[in-house]
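**Student:**
2 protein chains.
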Amino acid sequence: MTSEAEMAAEEGYIYSPPTFPSTPCSIHLGVQAGSMRRGSDVLSTSGGRMRERGRNRSWLLSSIITVNVLILGIALVSGSVFNNIKINAIDLQIFLIVLVILTTAWMLYYTIYTSREDHAVLYKDSHAGPVWLRGGLVLFGICSLIMDVFKIANYVGYLHCDSAVKIVFPAVQSVFILVQTYFLWLHAKDCVQLQRNITRCGLMLTLSTNLMLWMAAVTEESIHQTVVPPEEGNSTHSCDIRAPGGYSSCNCSHSACAILEKAYYYLYPFNIEYSLFASAMAYVMWKNVGRLVDEHNHHSLHFHLKDVLVGPVVGLVMLVAGLGTFVIYEVDVEKGDPGKRDTALMIHYVMNTVAVTLMSVSTVAGCAIYRLDQRDHVSGKNPTRSLDVGLLIGASIGQFTICYFTIVAVVGTGAMGHLNALNLAVSLLTVIQLCLQNIFIIEGLHREPFHEDMHRASVFTNPYVLQAQAHRDIHNLPGTFMETKLSPALTVHSMHVAPSGSPLPQRHRLTWKRRALKEICAFLLLCNILLWIMPAFGARPQFDNTIGAEFYEFTMWVAVVNIGLPFGIFYRMHSVASLFEVFLTS
Amino acid sequence: MTSEAEMAAEEGYIYSPPTFPSTPCSIHLGVQAGSMRRGSDVLSTSGGRMRERGRNRSWLLSSIITVNVLILGIALVSGSVFNNIKINAIDLQIFLIVLVILTTAWMLYYTIYTSREDHAVLYKDSHAGPVWLRGGLVLFGICSLIMDVFKIANYVGYLHCDSAVKIVFPAVQSVFILVQTYFLWLHAKDCVQLQRNITRCGLMLTLSTNLMLWMAAVTEESIHQTVVPPEEGNSTHSCDIRAPGGYSSCNCSHSACAILEKAYYYLYPFNIEYSLFASAMAYVMWKNVGRLVDEHNHHSLHFHLKDVLVGPVVGLVMLVAGLGTFVIYEVDVEKGDPGKRDTALMIHYVMNTVAVTLMSVSTVAGCAIYRLDQRDHVSGKNPTRSLDVGLLIGASIGQFTICYFTIVAVVGTGAMGHLNALNLAVSLLTVIQLCLQNIFIIEGLHREPFHEDMHRASVFTNPYVLQAQAHRDIHNLPGTFMETKLSPALTVHSMHVAPSGSPLPQRHRLTWKRRALKEICAFLLLCNILLWIMPAFGARPQFDNTIGAEFYEFTMWVAVVNIGLPFGIFYRMHSVASLFEVFLTS
C-alpha cells in the first residue's frame, strides 16, 4: 500500500527553491531550469491549490483502480486453481486480454500524445529507469516474445478441440510486450506534467496488468510443476490438480507439441522476471508524475578500477569457481542419478556457504568502516533514493521467505545427514548476509559522495533544510544570528576537519578508508552476480533437495519457491546496480 | 512495506516553523511550545546530523527485525498447517511465547522509564489513539482475557496426556494483554524523544508480535471451522486437517471441556480484532517516534445535532430495521432448518441491498456537493491524516476481497435462483459503496473546517507552503512582489467570495451545503454502525450460503473469510470514527 505520506514527501520537490547558489553544477543546469519554469507557468496558471486537489483525486482514483483490478484478478486466479467444480481458465484469460488491450491502448495514446505536444515532458528523473533495468527489460522481453511464439504454435495444434481464446492471449500478449518495452525504454525517466490524472490512472493500470500477468504466470508454472514433478513422477501430488491446458482427451495435431511445451516451460521464469521489471518501472513512473526534479545533485562520477585490486581479484576467483560448480551441478542433476544428485547438491551448498560467509565478513568490515567514517549523510528528500531502498528491502523478502521456510523444514524434520546440515547452514548464513548487505547498501546510498569540491555544493541543495538548520542554530547559539544563512555547511565541514588537525592528513586517512570500501563493493558486486546467475539460469536446489517438498505439501512448496525466487533474482540484480553506485560514490 | 519517503514526510515536522502567527489557537499553545523547544534543545545539542543518521539506522534496524520475525513466523505457521509429516504446533507456540515475553518486558521497561524520566515525553499527538480505538482495545482485550481463562481451564483437562506448553501460552498471553492494554491506553499518543532507537525497535517488536498472534489466531480458527463444518458435517473436507489441539486419543479429565471449547471458539473473533487494533496503534506510535508536533491545527469543534434531522432519522430507521432482521437471521439460522435458513439469508441480503444502495446514493450526493463546494484543501503535511487514510484504504481491502471472491463464485457457477442473484447484487453494490465511501471520507478529511474565523488561521499554518506559493506568485504576477508574504491567503479567500458578490449570501449558500453534508455524514455513520454490528456479533452469511465453500475448496474459502472479515469489521469502525470527524468539520 502506498500511503499519502509518500506523496507528501514529493511536495517538497514541487515547491522548488527560490534561488540556486551559483555552484558549477547549478550553473550548468541554469538554462534548462529557466526553460522548465516557463513551461510550468503555462501549466499552473490557476495556482497550486487546483494542482494539489488534482493530485489527491487522481492518486485516490488510481489507487482504487489498482485495488479493484488486483483483487478481482486474485479472485479469478484462486477460482481457476482452488475450485472443486472443474471450471476452465478461459474467464481468467478473457480478463487478462481485456486488461492487456486497455493498457496497450493507453501506452500508444501516451506515446503519440507526448510526441506531438511540445511541453509534455519537461523534466526527466535521471535516477529512474537505470540501464540495468532497461537492459534487463529488453532481454527478458525477447525471451517472453519467443515464449509467446512457442505457445501460439503449440495451441494451434489443439485448435480443433479447444477454445480459440488460448491462441488470442499469447498473440495479444506479444503485441503488449513489444509496445510496453518500447514505451518503457523511451519514457521510463519521464516526469509527466500534462494530463496528470489520466497518466496516473494509466500507469496504475499498467502496474496492475503486469502484476496480474506475473500472478497468472506464477500460477501456471506452479501448476505445471505440480503435474509433472521433477524425475520421480510420484502421482500422489498431481491427482487433485487439473492438467495444464485443461485438455485431457484432446490430442495435438502436429508433432512439435511436446518439444514446444518443454521449450516454453523453460522460458516461463524470464516472462515472470519481465513482469516484475515492468511493474517496478511503472511504479517509479507513477511516483514521478507531477514531480519537478532538481537535477543539481547529479555529479558526474567516473568509473576507474586503478585503485582497487584485492576485491575484484577475489571476487573474480569466486565467480569463476562458482560458475564451474554451477556447470557441474547442472550436468549432474540432469543425469537423474540420486547419488550424483546428492554430490552435486553438496558441491553447490559448499560453494554457496563459502561465498555467503566471505560476503558477510566483508560486509561487516564495510559497516565498521562506515562507523569510523565521518562523511555527511545526504540531507533533504530524494524520492528516487527512497524508492530504491524500498525496492531493495521489498525484493529481499522473497529470498528471506525461501530461507526461513527451508530452515523450518530442516529443523522440523530433525536435520539428519551432512546434506541437511549444509542446507541449514546456507539458509542461516544467507539470512545474515541479506540483513548485512541491506544495511551496507542503504548506509552507502545515504552518504555524500567523496568529492572534496562537491561537498559544499551538495549541502546547499535543499534551502529549507538549511534554513531550518539555521533556525535551530539560532536556538543553540543565540549570538551567531548574523552568519546563519551560510554558516551551517561551513561549521559542519570544519567539525570534520577539526579532530585530525590540518585538512591534508585527514584526506589521506579518508583515502585509505575509501580504498577499503571500494574493494568491498567490488567483491560484493561480483559475488552478487554469481548468486544471480545460478538461479536465473536454472539451478533449483529447492526442488532437487526433496526436504521442502516432503515437509510442506508439494503445492505449497512450489508456490513459495515460485513466488520467492523471481524476487530473489530481482534482488541480486538490484544489489549489483546499487553496489556499483556505492562503489562510485565511495 | 513502509518506505523511507514516509519518513521523509515527517522531516517537515521536525524542522518546526520559526514563528507562529498570533491566532487564538497558537496563543493558547504558546507556553507549551516554548517548553517543548527548551526540551528539544537539551536533546539535540549535537545538531540534526546525528539525529538524522540515528533515525535512518534505527528505522532500518527495526524494519529488518520485523521482516525477520514475520517471515519466520509465516514459515512456522505454514509448517504447522501444510505439512505432510504430522508435527505438532508446539514449536510455533514456543516461538510465540518467546515473542510475547520479550514484548511484555520491553513495554514494562518503557512504562517505568518514562514515568521516572522528566523529559521523556514532551509531545503528544492529539490525533493518535482516538477514543474509539482505545475503547475498542479495552473491550476486545477483556474478551481476549476471558478466552484465555477458558483456554487454560480447558487445557488443564488434557494435562495428563498433552504438553504443558499449551497452558503456558494462554497464561503468558493474558499477562501480555493486560500489560499491552495498559501500555497503549497510557502511551498511544506519545511522540517519544529519548532512546529513540530502542523505542523504535521495541514498537516494531510489538507490531510483529501482534501480527503473529493475529496470524496464529486466524489459522487456529480456520482449522477449527474446517474440522467442524457448520451443520452439514460433510467429512470430505476435514480428512486431511488435523484435530484442533492435536489430541485425537486424549480425553478431557473434567466435564466442562466441551462447553469451554465452544465458548472460547465464540471469543476468537474478538481476540483477532484485539490484535489488529494493537497493531494499528503500535504502528502509529512507531511513526510518531522523534516527531515534534505542531498542535495549532487542532480546533475545538463542538458536536451538536440541532441542524440535522433527515439523515439521523433515516439512519436510525435503517439501524432499527437492520437490527430486527439481524435478530431474525440469527434465530432462524440457529435452528438449522434449510428452508428457514434460505428465508433468513434472503431477508439479510435484501436488508443489506437496501442499506448499501441508499448509502451509495447519498455518498454520490455528498461527492457532488464537494465538487460545488469551494472550500480550501488542507495544505501542508499531516502524517496522522496520511496514516488514517492509509489504514482506511488498507482495511477496506478485506471487504473488497470477500466481495470479489463472492462475485467470481456466483458468476462462475452460473447464478441460478434469486438467492444467488441477491448475493451477487449485494457484493457488487458493496464494492461500489466501498469505493464511493473511501472517496467521500478522504475528500472530507482533506477539507478545511467550515469556520469563517478559523479560515485564515489554518491557511497560515505552514509557512513553507506559503513561502513557496509566494514564489510561484512572483512568477505569475511579476508586479506584486512587495505583498507576497501575506497576500496568497487573502487572494485565495477573495477568489472564493468574488463569484457570488458580497460575502453574506455566500455564507448562506454554504450553510445549505454544510447542512446537506452533515445529514449525509450522520446517515452514513449510522449505516456503518449497522454494517459493523452484523458481522461483529456473529452473522456469517458467507458460510450459511454454501456457494463460496462449494466453488472454492473449503479450506481456501475459510481462509479468505477469516482474513477478510476482521479487516472488514475494523474498516466499519474506522469509517464511523472518520465520518464523525467529517461531520464535525463540515
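Those sequence lines, one after another, are chains A and B.
Okay, so the first sequence: first residue is 1 according to full-length UniProt numbering, each after it adds one.
Okay, so the second sequence: first residue is 1 according to full-length UniProt numbering, each after it adds one.
Note that beta-carbon positions come from the ideal geometry of N, C-alpha and C, so glycine has one too.
Take THR363 of chain B and list the residues in its own chain whose beta-carbon comes closer than 6 Å to its own, dropping the five residues that flank it on each side.
**Tutor:** So the list reads LEU436, GLN437, PHE440, once near-sequence residues are dropped.
**Student:** Check the Cβ of ASN545 of chain B against every Cβ in chain A and list those closer than 9 Å, keeping chain order.
**Tutor:** By Cβ distance, chain A contributes nothing, its closest Cβ being about 16 Å from ASN545 of chain B, past 9 Å.
**Student:** Using 8 Å as the limit for Cβ to Cβ distance, is HIS446 of chain B near chain A?
**Tutor:** At least one chain A Cβ lies under 8 Å of HIS446 of chain B.
**Student:** What's the gap between the Cα of SER208 of chain A and the Cα of SER279 of chain A?
**Tutor:** 8 Å
**Student:** Look up CYS191 of chain B in the DSSP assignment and give the residues it is bridged to.
**Tutor:** Within the DSSP secondary-structure output, CYS191 of chain B pairs in a beta bridge with B:TYR123.
**Student:** Check whether the stretch 316-331 of chain A touches the stretch 341-358 of chain A, taking contact to mean three or more Cβ pairs, one atom from each stretch, closer than 8 Å.
**Tutor:** Because the criterion of three Cβ pairs below 8 Å is met, the stretch 316-331 of chain A and the stretch 341-358 of chain A touch.
**Student:** Output the distance between the C-alpha atoms of TRP557 of chain A and TYR268 of chain B, rounded to the nearest integer angstrom.
**Tutor:** Approximately 29 Å between the Cα atoms of the pair.
**Student:** Give me the Cα-Cα distance between TYR370 of chain A and LEU517 of chain A, rounded to the nearest whole angstrom.
**Tutor:** Rounded to the nearest angstrom, the gap between the Cα atoms of TYR370 of chain A and LEU517 of chain A is 9 Å.
**Student:** With distances taken Cα to Cα, identify the nearest neighbour of TYR571 of chain A among A:ARG540, A:PHE583, A:ALA559, A:ALA536.
**Tutor:** A:ALA536
**Student:** What residue from A:LYS166, A:VAL175, A:CYS161, A:ASN154 has the CA that sits closest to GLY141 of chain A's CA?
**Tutor:** A:VAL175
**Student:** Quick one, which residues of the stretch 555-572 of chain B are near chain A if we go by CB-CB under 7 Å, in chain order?
**Tutor:** Of all residues in the stretch 555-572 of chain B, MET556 have a Cβ within less than 7 Å of some Cβ in chain A.
**Student:** Which partner residues does HIS377 of chain A have in the DSSP bridge list?
**Tutor:** A:ARG447
**Student:** Among the residues of its own chain, which have a CB less than 6 Å from the CB of PHE567 of chain A, if the five just before and after it don't count?
**Tutor:** ALA395, GLY398
**Student:** Which residue from B:ALA105, B:ALA263, B:LEU139 puts its Cα closest to that of ILE198 of chain B?
**Tutor:** B:ALA105
**Student:** Quick check: the stretch 306-318 of chain A against the stretch 171-191 of chain A, are there 3 or more CB pairs under 8 Å?
**Tutor:** Using a Cβ-Cβ distance cut-off of 8 Å, the stretch 306-318 of chain A and the stretch 171-191 of chain A are not in contact, since fewer than three pairs of beta carbons, one from each stretch, lie closer than that value.
**Student:** For a contact defined as C-beta to C-beta under 8 Å, what are the partners of VAL165 of chain B on chain A?
**Tutor:** None at all; the shortest Cβ gap to chain A is about 16 Å.
**Student:** Mapping DSSP to helix, strand and coil, what is TYR552 of chain A?
**Tutor:** strand
**Student:** Is the CB of SER58 of chain A under 8 Å away from at least one CB in chain B?
**Tutor:** no
**Student:** Have a look at A:ILE167, A:VAL131, A:LYS189 and flag the residue whose alpha-carbon is nearest the alpha-carbon of GLN93 of chain A.
**Tutor:** A:ILE167
**Student:** Across the stretch 128-143 of chain B and the stretch 270-278 of chain B, are there enough close Cβ pairs to call them in contact, namely three or more that are closer than 8 Å?
**Tutor:** yes
**Student:** Pick from B:VAL67, B:LEU61, B:ALA75, B:CYS403: whose alpha carbon is nearest that of GLY548 of chain A?
**Tutor:** Of B:VAL67, B:LEU61, B:ALA75, B:CYS403, the smallest CA-CA separation from GLY548 of chain A is found for B:ALA75.
**Student:** From TYR113 of chain A to GLU448 of chain B, what distance separates their C-alpha atoms?
**Tutor:** 36 Å
**Student:** Nearest CA to the CA of ASN288 of chain A: which residue from A:LEU530, A:VAL179, A:HIS187?
**Tutor:** A:HIS187
**Student:** Within 8 Å of any Cβ in chain B, is that where the Cβ of THR401 of chain A sits?
**Tutor:** yes
**Student:** Between CYS435 of chain A and chain B, is any beta-carbon pair separated by less than 8 Å?
**Tutor:** yes
**Student:** Using a threshold of 8 Å, state whether the C-beta atoms of LEU531 of chain A and LEU579 of chain A are closer than that.
**Tutor:** no
**Student:** Quick check: is the beta carbon of PHE440 of chain B nearer than 8 Å to any beta carbon in chain A?
**Tutor:** no
**Student:** Enumerate in chain order the residues of its own chain whose CB-to-CB distance from ALA368 of chain B is below 7 Å, with the five nearest sequence positions on each side excluded.
**Tutor:** Result list for ALA368 of chain B: empty, nothing under 7 Å.
**Student:** For VAL308 of chain B, name the three-state secondary structure that DSSP assigns.
**Tutor:** coil
**Student:** What residue range does the alpha helix (DSSP H) around GLY129 of chain B cover?
**Tutor:** Element bounds for GLY129 of chain B: n/a, residue is neither H nor E.
**Student:** Using 10 angstroms around the beta-carbon of HIS254 of chain B, count the other beta-carbons present and answer buried if the total reaches 16, otherwise exposed.
**Tutor:** Counting Cβ neighbours within 10 Å, HIS254 of chain B comes out exposed, since fewer than 16 surround it.
**Student:** So ALA105 of chain A is in the alpha helix (DSSP H); what residue range does that whole segment cover?
**Tutor:** 90-116
**Student:** To which residues of the same chain is GLU581 of chain B closer than 7 Å at the C-beta, ignoring the five residues directly before and after it?
**Tutor:** Exclusion of the five residues before and after GLU581 of chain B leaves LEU445 as the residues of its chain whose Cβ lies within less than 7 Å of its Cβ.
**Student:** Can you give me the Cβ contacts of MET534 of chain A inside the same chain, cut-off strictly under 6 Å, excluding the 5 residues immediately before and after it?
**Tutor:** PHE326
**Student:** Use the C-beta contact count for residue 587 of chain A: other C-beta atoms within 10 angstroms, 16 or more gives buried, fewer gives exposed.
**Tutor:** The question about residue 587 of chain A has no answer, for chain A in this structure spans 1 to 586.
**Student:** Give the interface partners of LEU72 of chain B over in chain A, defined as CB-CB distance under 7 Å, in chain order.
**Tutor:** Chain A residues near LEU72 of chain B: TYR404.
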